[in-house]
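Notes to accompany the following structure.
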Amino acid sequence: MLHEVVRDPRFDAEFLTLPYPVRDACWRVLSALRRRPFVPGVGFQVKRLRRTSKAEAWVAHFYRNQYRMLYVVDGSVLVVFGIGERPGFYSRLDRLRGTSRRSR
């Protein structure tokens, strides 16, 4: 089953600041996650952050483990929330907590 990919507006702003090779790697990771969002693939790992009532929050570690992509799987929809370099990325996870509270 292919998941529909939806981008949070914050993702686009962060994505545009990335170097071109990282953007290319991001598209490859998203393509693989569309098919199998919970399974690691060539050049990336995945880690579940927490489980909510309807959705699961995940982080993909990619580009030589230097970048992270935050996403949530809700049924057949994969919502991408953020992307960034490893140092400091996890301190920005409050965006997920705020989104989870609103969706309840």
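Under our numbering, the first residue of the sequence shown is numbered -19, with each subsequent residue one higher.
Glycine included, each C-beta is placed from N, C-alpha and C at the ideal position.
Span separating the alpha-carbon of residue i from that of residue j
{"i": "C6", "j": "G62", "result": "11 Å"}
{"i": "V57", "j": "R8", "result": "18 Å"}
{"i": "Y0", "j": "R28", "result": "27 Å"}
{"i": "P17", "j": "Q46", "result": "20 Å"}
{"i": "V85", "j": "Q25", "result": "Any property of residue 85 remains undetermined from this structure, which presents the chain solely from -19 to 84."}
{"i": "A37", "j": "D4", "result": "23 Å"}
{"i": "D54", "j": "L10", "result": "15 Å"}
{"i": "R(-10)", "j": "P20", "result": "24 Å"}
{"i": "R66", "j": "M(-19)", "result": "30 Å"}
{"i": "V22", "j": "H41", "result": "11 Å"}
{"i": "V59", "j": "V52", "result": "5 Å"}
{"i": "D(-12)", "j": "F(-5)", "result": "11 Å"}
{"i": "S95", "j": "V39", "result": "Since the first residue shown for the chain is -19 and the last is 84, residue 95 is missing from the structure and cannot be characterised."}
{"i": "R82", "j": "D(-8)", "result": "Model confidence at R82 stands at a pLDDT of 39, short of 50, so the residue's coordinates are unreliable; what they give is reported in the following sentence. So the two alpha carbons sit approximately 21 Å from each other."}
Range covered by the alpha helix (DSSP H) that runs through residue i
{"i": "Y51", "result": "Per DSSP, Y51 belongs to no alpha helix (DSSP H); it is in the beta strand (DSSP E), Y47 to D54."}
{"i": "R44", "result": "Unbroken run through R44: none, as it is neither H nor E."}
{"i": "R8", "result": "Y0 to R15"}
{"i": "F(-5)", "result": "P(-11) to L(-4)"}
Unbroken beta strand (DSSP E) run spanning residue i, endpoints
{"i": "F61", "result": "V57 to E65"}
Per DSSP, cross-strand counterpart(s) of residue i
{"i": "F24", "result": "G21 and F42"}
Integer-rounded CB distance, given that residue j should sit under 8 Å from residue i
{"i": "P48", "j": "F69", "result": "Correcting the residue identity first, residue 48 is Arg in this sequence and not Pro. With a Cβ gap of about 4 Å, R48 and F69 count as contacting."}
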